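Chemist:
Residue numbers (the working numbering), protein chains in the order written: chain A, 3 to 290; chain B, 128 to 484.
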């Protein structure tokens with residue numbers, strides 16, 4: 003004799019199934035993110051500077067917030083992230099819009115976007131540096147300038163490299179949203195006499211907001227957290243928080259100091275990103 | 128029948144794969160790997176740096192294996208001291224620079240070298256070993272060293288550099304590159320400044336004042352030594368302070384290298400024995416092998432670094448590639464690596480305040 007399965011049984015089975023399916027992912031997240039994050043947090047409030055230091059102290063945070071060296075590095079990190087995100091967003095929006103507008107060139111334009119991603123990042127930075135050296139030489143030889151532009155090893159150099167690195171991700175994120183754009187809306191606006199800029203700002207931009215938000219979050223997080231680009235393009239002349247973290251750990255093994263810096267950086271990133279997401283989602287809701 | 132056969136086949140394949148993984152896991156010790164688990168007395172796990180050093184150790188490995196009958200597993204990589212601390216017992220011998228070997232001794236990661244087991248200890252340049260000795264305990268055995276020099280483009284600079292003092296000249300404004308802190312290559316210039324502009328080698332305040340005055344001449348700080356050299360070769364800077372021997376391949380491009388006669392700083396490549404090494408006998412055998420006269424020459428050729436022993440004569444072709452002549456070996460400034468290592472955190476912060484915006 004078998005009993006017919008009731009809806010309650012199905013629900014229970016469904017719950018178990020969800021746990022069975024979600025369990026490995028949960029374990030993965032806890033092991034790969036949760037535990038390391040806990041360790042960093044715990045180490046940041048240790049009384050000593052070693053990995054095994056116990057106790058509780060806010061010394062490392064006090065050090066951070068009371069020293070202009072670290073506050074300036076934080077400001078640099080934030081400014082670099084904001085400026086590179088803004089520039090990448092504008093360029094990405096224009097590029098994504100062009101892909102949408104020109105179906106015949108879509109494959110080529112998408113390929114051009116993805117191809118640089120196949121080249122190793124360090125090689126791309128060296129390529130950029132050589133390009134800047136060549137540009138300087140060209141301008142000097144042509145008599146157009148008396149001194150080099152000074153793009154290398156500067157704030158500007160870091161921003162240029164970050165824009166170069168993040169542009170494909172931003173453009174692809176925006177294009178994912180714009181690819182669903184109803185071209186007849188653009189045509190209707192143009193037929194009614196809207197100038198090109200108005201079409202872009204009032205028709206295209208609102209539809210691109212979700213992609214812009216996604217791309218901006220990616221770019222902002224990557225720009226604020228990158229070590230290699232400021233290290234190579236800044237030439238040691240622009241201090242950023244990731245560089246301070248690296249310096250604290252490499253050779254000097256100041257784990258607690260580095261952990262406190264990392265927590266501050268993540269907290270500021272999280273607040274900024276959550277704020278942007280809320281603003282972005284509100285704008286998107288308005289367009290629906 | 129068909130479904131049963133299929134299930135059986137599936138089980139067979141799965142079993143085969145599982146057995147394969149198990150066998151692969153058991154046989155994994157035969158290959159050098161990042162985990163580099165140490166085996167019995169017939170196996171030596173060596174930790175070295177990547178790049179040139181990795182190739183140099185590989186080149187020496189077969190000679191050591193033939194001479195000793197001990198198999199050598201090379202495990203190259205960075206952050207060696209941290210690795211030794213976190214994974215004790217996995218390495219038997221490790222290459223470290225002066226600041227790291229002394230730090231390893233202080234925190235107990237390394238054991239003091241038993242100099243009575245080093246056959247040619249007396250032949251090692253005492254300038255190299257004194258700085259890594261404290262209370263009679265040696266933190267590592269210097270195998271080779273690289274002197275710091277000034278590499279520059281004489282034609283474009285317009286004058287010959289002969290002294291460290293020349294780095295501060297107006298003609299080098301914005302045309303110099305030096306290594307970034309906390310790497311020791313840049314911080315060496317504090318010692319240089321102290322000696323050249325101060326009252327003596329310990330006059331660090333004079334050294335720091337000199338660094339502040341040098342800052343306008345520095346175009347950029349490099350994190351890897353090859354970065355400085357490549358920018359010099361490309362013409363974006365006129366001079367670079369780095370490992371002197373790196374300038375030798377650039378001779379044909381009109382790039383000159385000088386190790387000033389007043390003396391210089393240097394980096395040592397020393398072999399250390401981790402406290403938790405499982406095969407210390409093999410570690411000492413390897414150290415003795417590396418100090419053998421012929422092997423010192425081979426190491427110099429492969430590692431592009433000068434031998435640490437004073438009774439080694441380099442063949443002409445090799446001597447022309449290494450700038451650390453006997454005169455240079457005599458002019459090395461004494462460095463207390465224990466003290467230097469302790470200063471690095473504070474010095475790095477001070478360095479960042481001067482050079483960073």
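Positions of the beta carbon are idealized from the N, C-alpha and C atoms, including for glycine. The structure presented is a predicted model; accordingly, all values stated were derived computationally and were not measured.
Taking only beta-carbon atoms, is residue 356 of chain A less than 8 Å away from chain B?
Modeler: One cannot answer for residue 356 of chain A here, as it falls past the ends of chain A, which runs 3 to 290.
Chemist: Buried or exposed: which applies to residue 482 of chain B, given that a residue is buried once 16 or more other Cβ atoms fall within 10 Å of its Cβ?
Modeler: So residue 482 of chain B counts as buried.
Chemist: Please confirm whether residue 482 of chain B has its beta-carbon closer than 8 Å to some beta-carbon of chain A.
Modeler: Chain A contact via Cβ: present.
Chemist: Determine which residues share a DSSP beta bridge with residue 265 of chain B and list them.
Modeler: Looking at the DSSP assignment, residue 265 of chain B forms a beta bridge with B:240 and B:260.
Chemist: What does the Cβ neighbour count give for residue 182 of chain A, buried or exposed, with the cut at 16 atoms within 10 Å?
Modeler: The residue in question, residue 182 of chain A, is exposed, as its Cβ has fewer than 16 Cβ neighbours within 10 Å.
Chemist: Of all the options B:474, B:357, B:375 and B:386, which has the alpha carbon lying nearest to the alpha carbon of residue 444 of chain B?
Modeler: Looking at the Cα atoms, B:375 is the closest of the given residues.
Chemist: So, at 7 Å on beta carbons, what are the nonlocal neighbours of residue 409 of chain B in its own chain, with the 5 sequence-adjacent residues on each side left out?
Modeler: The residues are 168, 171, 197 and 219.
Chemist: Buried or exposed for residue 223 of chain B, going by 16 or more other Cβ atoms inside 10 Å?
Modeler: That one is buried.
Chemist: Anything in chain A within Cβ reach of residue 206 of chain B, meaning under 8 Å, just list it in chain order.
Modeler: Going along chain A in sequence order, the residues near residue 206 of chain B (Cβ under 8 Å) are 252.
Chemist: Quick check on residue 422 of chain B: does DSSP put it in helix, strand or coil?
Modeler: Three-state result, residue 422 of chain B: helix.
Chemist: Can you pull out the residues from the stretch 230-248 of chain A whose beta carbon lies closer than 7 Å to at least one beta carbon of chain B?
Modeler: Cβ contacts with chain B come from 233, 237, 238, 239, 240 and 241.
Chemist: Residue 236 of chain A and residue 135 of chain A: beta carbons closer than 8 Å?
Modeler: Going by C-beta atoms, residue 236 of chain A is not nearer than 8 Å to residue 135 of chain A.
Chemist: Could you check which residue in B:296, B:221, B:338 and B:255 has the C-alpha nearest to that of residue 403 of chain B?
Modeler: Cα-wise, what sits closest to residue 403 of chain B is B:221.
Chemist: Counting Cβ pairs closer than 8 Å, one from the stretch 40-51 of chain A and one from the stretch 213-233 of chain A, do we hit at least three?
Modeler: Touching, no, given that fewer than three Cβ pairs across the two stretches are closer than 8 Å.
Chemist: If contact means a Cβ-Cβ distance below 9 Å, which residues of the stretch 187-213 of chain B contact chain A?
Modeler: Cβ contacts with chain A: 205, 206, 208, 209, 212 and 213.
Chemist: Quick check on residue 345 of chain B: buried or exposed, where buried means 16 or more other Cβ atoms within 10 Å of its Cβ?
Modeler: Classification for residue 345 of chain B: buried.
Chemist: Should residue 97 of chain A go down as buried or exposed, given a rule of 16 or more other Cβ atoms within 10 Å for buried?
Modeler: So residue 97 of chain A ends up on the buried side.
Chemist: To which residues does DSSP link residue 174 of chain B through a beta bridge?
Modeler: Residue 174 of chain B is bridged to B:202 and B:221.
Chemist: Relative to the alpha-carbon of residue 176 of chain A, which residue among A:168, A:216 and A:245 has its alpha-carbon at the smallest distance?
Modeler: Closest by alpha carbon: A:216.
Chemist: Could you tell me whether the Cβ of residue 101 of chain A comes closer than 8 Å to any Cβ of chain B?
Modeler: Not one chain B Cβ lies under 8 Å of residue 101 of chain A.
Chemist: Whole angstroms are fine: how far does the CA of residue 100 of chain A sit from the CA of residue 20 of chain A?
Modeler: Computed Cα separation, rounded: 43 Å.
Chemist: Going by DSSP, what residues sit across from residue 385 of chain B in a beta bridge?
Modeler: Partner(s): B:277.
Chemist: Where does residue 153 of chain A sit, in a helix, a strand or coil, going by DSSP?
Modeler: Here residue 153 of chain A sits in coil by DSSP.
Chemist: What separation, rounded to the nearest whole angstrom, lies between the Cα atoms of residue 275 of chain B and residue 455 of chain B?
Modeler: Cα-Cα distance, rounded: 10 Å.
Chemist: Please say whether residue 245 of chain A and residue 233 of chain A have beta carbons closer to each other than 8 Å?
Modeler: Closer than 8 Å, so yes.
Chemist: For the beta strand (DSSP E) containing residue 523 of chain B, name the first residue and the last one.
Modeler: Since the first residue of chain B shown is 128 and the last is 484, residue 523 of chain B is not available in this structure.
Chemist: Could you pull the start and end residues of the beta strand (DSSP E) that residue 305 of chain B belongs to?
Modeler: Where residue 305 of chain B is concerned, the enclosing beta strand (DSSP E) stretches over 303-306.
Chemist: At the 8 Å Cβ level, is residue 479 of chain B part of the contact set with chain A, yes or no?
Modeler: Yes, its Cβ sits closer than 8 Å to a Cβ of chain A.
Chemist: Since residue 71 of chain A meets chain B, which of its residues come closer than 7 Å, beta carbon to beta carbon?
Modeler: Under the 7 Å cutoff, chain B gives 476, 479 and 480.
Chemist: Using the rule of at least 16 other Cβ atoms within 10 Å of the residue's Cβ for burial, across every protein chain shown, is residue 161 of chain B buried or exposed?
Modeler: Low confidence applies here, because residue 161 of chain B scores a pLDDT of 36, under 50, leaving its location unreliable and the question unanswered by this model.
Chemist: Assuming residue 277 of chain B and residue 400 of chain B form a contact by the criterion Cβ under 8 Å, report the distance between their Cβ atoms to the nearest whole angstrom.
Modeler: Actually they do not touch by this definition, with Cβ atoms about 36 Å apart.
Chemist: Just the chain B side, please: which residues come within less than 8 Å of residue 132 of chain A by C-beta, in chain order?
Modeler: Correct list: 361.
Chemist: Are the beta-carbon atoms of residue 274 of chain A and residue 42 of chain A separated by less than 8 Å?
Modeler: No. Outside cutoff.
Chemist: Please state whether DSSP places residue 165 of chain B in a helix, a strand or coil.
Modeler: Here the model assigns residue 165 of chain B a pLDDT of 42, short of 50, so the residue's position is not dependable and the matter cannot be decided.
Chemist: With the cut-off set at 8 Å, would you say residue 202 of chain A and residue 170 of chain A are in Cβ contact?
Modeler: No, they are not a contact pair.
Chemist: Could you round the C-beta distance between residue 304 of chain B and residue 355 of chain B to whole angstroms and report it? I think they count as a contact, below 8 Å.
Modeler: So it is a contact: roughly 5 Å between Cβ atoms.
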